[in-house]
Structures are given as structure tokens and as C-alpha cells.
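Only one structure is covered here, and it is reproduced in the block below.
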Amino acid sequence: MRSAIWIVGDLSTMKHLKTLYDLTDSEIQELLALSIELKGEVRQGRRPQLFHQRMVTLVFEKPSLRTRVSFEAAAAQLGGSSVFLSSADAGLNGRESLQDVARVLSSYSDVIVLRTFSQQLIEDFAEASACPVVNGLSDERHPCQSLSDIMTIREALPDKPAAHVTYIGDGNNVACSLAVLTARLGMPLTVCSPVGYELPSAFVQDLQTRVPGARLTQTSDPREAVKTADVVYTDVWASMGQEQESSQRSDIFRPYQVNAELMRQAPQDCRFLHCLPAHRGEEVTEEVVEGPMSLVFEQAANRLHVARGLLAWLTRQAD
Ligand code: CP
Ligand code: NVA
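If you're matching positions, the sequence shown starts at 1439 in this note's numbering and goes up one per residue.
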């Protein structure tokens, strides 16, 4: 399989995906198009071997279902293989320097996916790595998730390239990557958070500098925020690493629960997304996750197609 998108882009430099700023606008479009194309191929029973005899190594400091298994499945489906290591197994607990781990691991691997607390760790690792490094979630970013989110929105709302997304909840890693990607694609985004839990102000300033046309609105009023939404999105109130704040956050975020009553304030054909895992009864109710507006399982399934797109695309220059 060789579609036109394979000849687009600069093939001379190795690409990382530490944040979505690592991709140009046309590379974002290429990746989305390739992921959608590969989904179509697999549905017709074709699994082009675009990662043949290659290996992705995953090094995770935090638990994962979707990110880990989507990359492992993607490698297998594309003709390659995967190795999974906890960060302690990889030696990132002080056994040896991060730079040495990166140099050695990247000499065995074609792509490395990292899930960390610190975004800086991913930046430092990539600096020393001889192969592409993908951010599989840090405290600050979750770029693979956002690519799957946008793919899901494009599939569900093909006539709305500028669909209005309203994110209700913590201004966390998922929200930051969503803000970058929607801004880059010219999509309006409303982020509705309790006071003190908004997107970090340094992040917003940086976004407005890098993407001057960003259509980002912040508010603390959920009923107002969903009024013109094409898509309502939420995530957990306490992310991995914030477990000790769970009960305090529960009280603060309670008015921000996405439930049927809030969804009634949104347009009738509004869709619902959640990156999962979902805590039913907290940030979202069962009736919304399982209701007709929900695309959460299509969204989760698209993680696989984006992982396939990424593995194929990041290693294409070596073909
Ligand atoms: N959405 C997501 O990244 O899920 P995991 O934490 O299970 O990988
Ligand atoms: N914000 C969540 C996303 C999980 C996929 C977390 O970081 O735990």
C-alpha cells in the first residue's frame, strides 16, 4: 500500500511526538488521514505490513490499558513486535542515567513510547534517543489521545470541520493536548473548569503565541459552556498521581459532572467523548456514557488506528 500521503512531508529528519507542537500542520493532517486510511484497510481485511520486522518499546511509569495495548496491537498488526517495560525495569529508577537508557534502548528499537509523570523526562529522553520517541501521556500532555479524539469527531461529524468542542473538567494533560490540536485545526474549544483548575496560564500564553488564531474560551459555567457544543468532552477529576487529592477534588468538581441534565442544555445532536477510564457517578453518569450521544468506545477503538498510523508514519523514512 502506498497512498499519496506517503510522499508528502520532510523525510530527512527524525520525528518525535513529545507534544503536538512537534508536528507541522500538514503532518497533523497526514497522520489523521493515514490513520483513517489504515482503519479503512483493516475493515476490508487488509493489514499492510508498514512496521514489518520493526519493534516498538513501551516504557511506562503509570498504568495503562488503551495506550499500551493499542501500540502493542498496532505493532503486531503492521508486521512488527513490541516490548513492554515498567520504568523500573528499564532502569529509570536510578539504575543508570536516563541518557544511557535512551541511547541503549533506541539502538534496539524503531520507536519508543513513554508514559511518565514528568514531561521533561520525555524531552530529555528524546534528546538522547536515536529513534522516534512518542509521548504516551505525561502529567502535561496526551497527544495520541487528542489525535484519536479528532479522528472520532471527523468520522462522526464529517460536515463540521470546525466542530465546537466543550471540555468540562480539570485543565489537565488531556485538556492541554486537546487545546493544542483544536487550535491547530481551527476548531473552537471551550474549556470549563472550576476556579483554580483551569488550563495552566503559562500553557495558554504559549498556545496563543504559537497559534495566534486559537479559538479558545475559558469559563467556569458548565450550563453556558455546553449551549453551542457539537461535542462535550470530560475526563477524570483526579489524574494518575493525584490520588491523594481525590476527595477534595470530588467536592470541588461535583457541579461539573456531565449528566443527562447538563446534556439537555446542549444542542440535541451533541456528541459525548471521554478518553477513559471513566468514573461513572463522578465526572460522568452511566446514562451519558451509555447513551445515544456517546462515542466513547469508538473513540477508544480509534486509539488503535492512530497507533498504527503513528508507527507507520514515524518509521516511513527508513523504507
Ligand atoms: N485514555 C488512555 O490513555 O487510557 P489508558 O490510560 O488506559 O492508556
Ligand atoms: N487525565 C488522566 C488521563 C488518563 C488517560 C490521567 O492523567 O490520569
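All residues carry an ideal CB built from backbone N, CA and C; glycine is no exception.
C-alpha distance - residue i paired with residue j, whole-angstrom precision
| i | j | result |
| --- | --- | --- |
| H1743 | R1481 | 11 Å |
| F1563 | A1738 | 27 Å |
| R1592 | E1636 | 26 Å |
| H1490 | C1713 | 29 Å |
| G1532 | S1684 | 29 Å |
| T1462 | T1554 | 24 Å |
| F1735 | Q1703 | 23 Å |
| R1579 | C1569 | 20 Å |
| S1556 | N1611 | 11 Å |
| G1483 | S1473 | 15 Å |
| M1439 | P1486 | Note on M1439: pLDDT 48, under 50, position unreliable in the model; no value is reported. |
| S1544 | T1495 | 9 Å |
| T1505 | Q1686 | 28 Å |
| T1451 | I1690 | 46 Å |
| K1453 | E1720 | 38 Å |
| L1469 | G1679 | 30 Å |
| L1654 | R1741 | 25 Å |
| T1666 | E1534 | 52 Å |
Own chain, CB closer than 8 Å to residue i, minus 5 neighbours either side, in chain order
| i | result |
| --- | --- |
| D1659 | C1630 |
| L1536 | L1530, L1559, D1562, F1563, A1566 |
| M1701 | V1664, V1670, C1708, F1710, V1726, G1729, M1731 |
| L1595 | A1601, D1668, V1669, R1709 |
beta-carbon residue i near the ligand CP non-hydrogen atom, thresh 8 Å
| i | result |
| --- | --- |
| A1739 | no |
| L1711 | no |
| P1501 | yes |
| H1743 | no |
Heavy atom of the ligand NVA within 8 Å of residue i beta-carbon
| i | result |
| --- | --- |
| C1630 | no |
| R1504 | yes |
| G1609 | no |
| L1575 | yes |
| G1518 | no |
| D1562 | no |
| P1715 | yes |
| M1678 | yes |
| V1551 | no |
Neighbourhood of residue i by C-beta distance below 7 Å, restricted to the same chain and skipping five residues each side
| i | result |
| --- | --- |
| V1633 | S1658 |
| K1598 | D1668 |
| R1648 | Y1459 |
Neighbourhood of residue i by C-beta, 6 Å cutoff - its chain only, sequence neighbours within 5 removed
| i | result |
| --- | --- |
| E1724 | R1718 |
| A1745 | S1508, F1509, A1512 |
| V1572 | L1455, V1551 |
| S1639 | none |
| S1677 | N1610 |
Beta-carbon proximity check, residue i vs residue j, cutoff 9 Å
| i | j | result |
| --- | --- | --- |
| Y1546 | Y1605 | no |
| T1620 | I1588 | yes |
| P1715 | L1503 | yes |
| E1492 | L1476 | Contrary to the premise, residue 1492 reads as Arg rather than Glu in this sequence. Not a contact, by the Cβ cut-off of 9 Å. |
Any chain C beta carbon closer than 9 Å to residue i
| i | result |
| --- | --- |
| E1499 | The displayed structure is made up of one protein chain only, and chain C is not part of it. |
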